[in-house]
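Residue numbers (this note's numbering): 35 to 352.
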Ligand SMILES: [Mn+2]
């Protein structure tokens with residue numbers, strides 16, 4: 035029996051717009067726990083982590099202090115869940131929180147943990163390349179331990195983030211894959227191309243070779259580099275804004291409802307295959323913003339997606 039631990043992180047101080055702090059509540063109201071229990075999962079939910087207040091030091095990264103304290107708490111809680119043998123389901127909040135959850139998974143499982151970053155964006159900026167200065171566009175760069183040559187306060191903040199949160203087990207280049215990419219900043223393209231062994235799948239790749247072919251390639255890539263654990267970090271902007279309007283960074287040309295479910299169902303099939311060398315460690319579900327949404331549609335689509343990932347099928351079984 036799968037035990038899933040829901041961890042709500044009402045943190046939106048490093049995103050483009052406020053409102054994702056309401057994401058955990060919106061996802062719960064969309065029936066997250068009920069959907070998982072209906073397919074036989076045991077679900078633990080201790081509620082949301084305490085919310086924090088906006089505070090930016092002069093010249094520093096925006097809301098850096100509340101970010102670091104949120105990440106430290108989240109890392110601890112995720113570590114505890116993993117050590118207890120549960121699968122954390124971390125509800126955001128903006129995507130900066132993934133620095134804490136994935137750092138915990140790396141801390142517990144070691145460097146053979148791979149990450150599937152489902153996102154329209156690569157999230158590979160650092161303070162010196164970021165056009166916005168918002169940390170929600172930087173979490174993968176931080177997890178990879180990317181250095182930044184910014185002078186003064188932003189550079190100091192970045193080094194502190196790497197030291198205090200990412201720690202001594204950064205993500206390895208050949209452990210990062212993306213799916214859904216379609217809006218990447220110039221500095222991110224340079225960084226992405228420098229990551230030997232990483233596996234970016236853009237929407238163009240999906241158009242040209244089909245989603246099924248790309249998922250099969252992803253499975254081969256995980257096996258080829260001997261990944262033993264998989265963390266899925268799902269930014270709802272991977273979905274098309276037509277399906278998921280409730281997010282701060284919507285970009286046209288994302289996954290349709292059916293494509294997203296095909297992805298979830300295929301990932302589940304691969305994970306359940308006898309002898310599959312990698313297991314699902316946990317996941318993030320981030321950037322749901324009810325203030326941008328229509329009738330909580332985005333949270334409902336996200337809940338249905340998570341249910342598919344954890345084994346829901348149309349006919350029940352396969
Ligand atoms: Mn993101």
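Idealized CB from N, CA, C, for every residue including glycine.
Bear in mind the structure is a predicted one, so any value in this text is a computation, not a measurement.
- Message: My assumption, with CB atoms under 8 Å, is that residue 274 sits in contact with residue 281. Please give the rounded CB distance.
- Response: About 11 Å separates the two Cβ atoms, so there is no contact after all.
- Classify residue 198 as buried or exposed, calling it buried when 16 or more other Cβ atoms lie within 10 Å of its own Cβ. exposed
- Straight-line CA distance for residue 308 to residue 153? 29 Å
- Other residues of its chain near residue 278: CB distance less than 6 Å, five sequence neighbours each side excluded: 270, 332, 335
- Around the C-beta of residue 268, are 16 or more other C-beta atoms found within 10 angstroms, so that it is buried, or is it exposed? buried
- If you measure from the CB of residue 190, is any heavy atom of ligand 1 nearer than 8 Å? no
- Counting pairs of beta carbons, one from the region 37–45 and one from the region 66–86, are three or more of them closer than 8 Å? yes
- Expressed to the nearest angstrom, what Euclidean distance is found between the alpha-carbon atoms of residue 143 and residue 120? 13 Å
- Decide if the region 161–176 is in contact with the region 57–70; the criterion is three or more beta carbon pairs, one per stretch, under 8 Å apart. no
- Find the nearest neighbour of residue 254 within the set 104, 215, 231, 238, judged by alpha-carbon distance. 231
- List in chain order: all unbroken alpha helix (DSSP H) runs of 4+ residues lying wholly within the region 220–260. 220–227, 237–243, 245–258
- Message: Looking at ligand 1, does it come within less than 8 Å of residue 171, judged from the CB to the closest heavy atom?
- Response: yes
- For residue 322, count neighbouring Cβ atoms within 10 angstroms of its own Cβ and tell me buried if that reaches 16, exposed if not. buried
- Query: Shortest alpha-carbon distance to residue 179 belongs to which of 167, 207, 102?
  - Reply: 207
- Message: Under DSSP, the beta strand (DSSP E) around residue 124 begins and ends at which residues?
- Response: 121–126
- Message: Short of 7 Å in beta carbon distance, which residues of its chain neighbour residue 343, apart from the five on each side in sequence? Order them along the chain.
- Response: 298, 301, 302
- Item | Helix, strand or coil at residue 276 according to DSSP, with G and I counted as helix | coil
- Task: With residue 154 as the anchor, note down where its alpha helix (DSSP H) starts and where it stops.
- Result: Premise fails: residue 154 is in no alpha helix (DSSP H) and is neither H nor E.
- Looking at the structure shown, is residue 263 part of a helix, part of a strand, or coil, going by DSSP? strand
- Query: Which word fits residue 171, buried or exposed, when buried means at least 16 other C-beta atoms lie within 10 angstroms of its C-beta?
  - Reply: buried
- Query: Measuring from the CB of residue 46, is there a heavy atom of ligand 1 at a distance below 8 Å?
  - Reply: no
- Would you call the region 126–134 and the region 43–54 touching, i.e. three or more CB-CB distances under 8 Å? yes
- Query: Does the beta-carbon of residue 80 have 16 or more other beta-carbons within 10 angstroms, so that it is buried, or is it exposed?
  - Reply: exposed
- Query: In chain order, which beta strand (DSSP E) runs of at least 3 residues are fully inside the region 283–320?
  - Reply: 313–320
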